[in-house]
Structures are given as C-alpha cells and as structure tokens.
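Student: This is the structure I want to talk about, given as structure tokens.
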C-alpha cells in the first residue's frame, strides 16, 4: 500500500507535475501576501536605504545598472514594457544568473508600480503577471539604495518630543 499523498503546499509545490488546483493558487496567493506584508512591516521599522534584502545586494544592484541602464527607480514602472516580448526576454536573462544564488529567485511576488505608493489593487503588479522574486529584489534594492523607500520609515516614526496621552 503506497504512503498517503502529502498535502500540496507552497513549500512542496512541483510546477512540473502540478494540476491547476484552486487550493494551490490560494496557497500561492497567501504566500505572496505574507511576503508583501513582511517587507512593508520591515520598511516601517528600518530605513530602506540601510536595508539589505539579500547577501548579494551589491552584485544585484550593479548587475541591474549594467543590464538595465535606462531603469530609473524613481519612475513608475510601465507594466506593458515588463509584459512585452523584449521585456520578458531581458528580465529572464537577468533572473537566470541568480538561479543557484538566491533562494526562491523565481517565486512569484508583488511589486509596487511606484516607490511613492503603498501596496494597493491599482498600485501593484501581480494579477496576470506574477513577478519573480528576483525581479522584486532588483527593483527594491535599487529603490532602497536611492533612498526612495525611506518615507515609509519616516511616516511611521512617532514625532520626537511628542508626549503620549
């Protein structure tokens, strides 16, 4: 008698042999939201400009500047450019260099379209284009290096000298 099947979770998901089960999609969405919530909570407590997202942030940042010299982290991301055939090819080439360097480099995640905005339905790239985590890392490392996420920390700090009621 074979052992009972292990329940499918985001941790033991095998995309090569998976059925498109609604439960798997829900678990994937939960994992993505957890990642987003954790990152936002960290930005509320630590200036993005001092934050390291990976052990190789410097390498990722330099690689992004080399492969995407036109990328301006302060500008709103154009989803159509990301979804274009050329955009997908360029990013795929970039991402593959981290296949054996960054855990879950290809796991889907969410990304704010602008560093000036909080996460929200209209301000987030996800939906039909789950963004690979490595792409999130590259863009957010660039935003952090340029101080573009520091406003989140500053907005969440109590006023100095203010007394609590």
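Residue numbers (my numbering): 752 to 916. Just so you know, even glycine gets a beta-carbon here, dropped at the ideal spot from N, CA and C.
With contact counted as at least three CB pairs below 8 Å, one residue from each stretch, are the segment 829-837 and the segment 891-909 in contact?
Tutor: no
Student: For the alpha helix (DSSP H) containing residue 890, list its first residue and its last residue.
Tutor: Locating residue 890 in the chain shown gives position 139, counting from the first residue. It spans 884-896 - the alpha helix (DSSP H) in which residue 890 sits, taken as one unbroken run.
Student: Rounded to whole angstroms, how far is the Cβ of residue 893 from the Cβ of residue 845, which I believe are closer than 8 Å?
Tutor: Position 142 of the chain shown, counting from 1, holds the residue named residue 893. Position 94 of the chain shown, counting from 1, holds the residue named residue 845. 12 Å between Cβ atoms; not a contact.
Student: So, for residue 904: in the same chain, excluding its five sequence neighbours on each side, which residues have a beta-carbon less than 8 Å away from its beta-carbon?
Tutor: Here residue 904 refers to the residue found at position 153 of the chain shown. Hits under 8 Å: 794, 795, 796, 797, 798 and 799.
Student: Hey, could you find the ends of the alpha helix (DSSP H) residue 817 is sitting in?
Tutor: On the chain shown, residue 817 is found 66 positions in, with the first residue counted as 1. Where residue 817 is concerned, the enclosing alpha helix (DSSP H) stretches over 808-818.
Student: Which first and last residues belong to the alpha helix (DSSP H) in which residue 822 is found?
Tutor: Indexing the chain shown from 1 puts residue 822 at position 71. Where residue 822 is concerned, there is no enclosing alpha helix (DSSP H), given that its DSSP letter is neither H nor E.
Student: Here's a check: name, in chain order, each residue in its chain whose Cβ is nearer than 7 Å to the Cβ of residue 852, leaving out the five neighbours to either side.
Tutor: As a working mapping, residue 852 is identified with position 101 in the chain shown. Around residue 852: 807.
Student: Ordered along the chain, which non-local residues of its own chain (more than five positions away) have a Cβ less than 8 Å from that of residue 883?
Tutor: Reading the chain shown from its first residue, position 132 is the one you call residue 883. The answer, listed in chain order, is 842, 846, 856, 857, 858, 859 and 860.
Student: So residue 870 and residue 791 are in contact, right, with Cβ under 8 Å, and what is the actual spacing, rounded?
Tutor: For the purposes of this step, residue 870 is taken as residue 119 along the chain shown, with counting starting at 1. For the purposes of this step, residue 791 is taken as residue 40 along the chain shown, with counting starting at 1. About 7 Å separates the two Cβ atoms, so the contact holds.
Student: Give the DSSP bridge partners of residue 860, in chain order.
Tutor: On the chain shown, position 109 is the one that residue 860 refers to. In the DSSP output, where bridge partners are listed per residue, residue 860 has 882.
Student: Should residue 802 go down as buried or exposed, given a rule of 16 or more other Cβ atoms within 10 Å for buried?
Tutor: Taking the chain shown and counting its residues from 1, the one referred to as residue 802 is at position 51. By the neighbour-count rule (16 or more Cβ atoms within 10 Å), residue 802 is buried.
Student: In chain order, what residues of the same chain lie with their CB nearer than 8 Å to the CB of residue 814, ignoring the 5 residues before and after it?
Tutor: The residue given as residue 814 occupies position 63 in the chain shown. Excluding residues within five positions, the ones whose Cβ falls inside 8 Å are 845, 848 and 889.
Student: So residue 906 is in the alpha helix (DSSP H); what residue range does that whole segment cover?
Tutor: As a first step, residue 906 must be located in the chain shown, where it is residue number 155. Here the alpha helix (DSSP H) through residue 906 covers 901-906.
Student: With distances taken between CB atoms, is the gap from residue 825 to residue 897 smaller than 8 Å?
Tutor: Position 74 of the chain shown, counted from the start, is the residue given in the question as residue 825. Position 146 of the chain shown, counted from the start, is the residue given in the question as residue 897. A contact, by the Cβ cut-off of 8 Å.
Student: Take residue 874 and list the residues in its own chain whose beta-carbon comes closer than 8 Å to its own, dropping the five residues that flank it on each side.
Tutor: The count along the chain shown starts at 1 and reaches residue 874 at position 123. Within the same chain, residue 874 has close Cβ partners 863, 864, 865 and 868.
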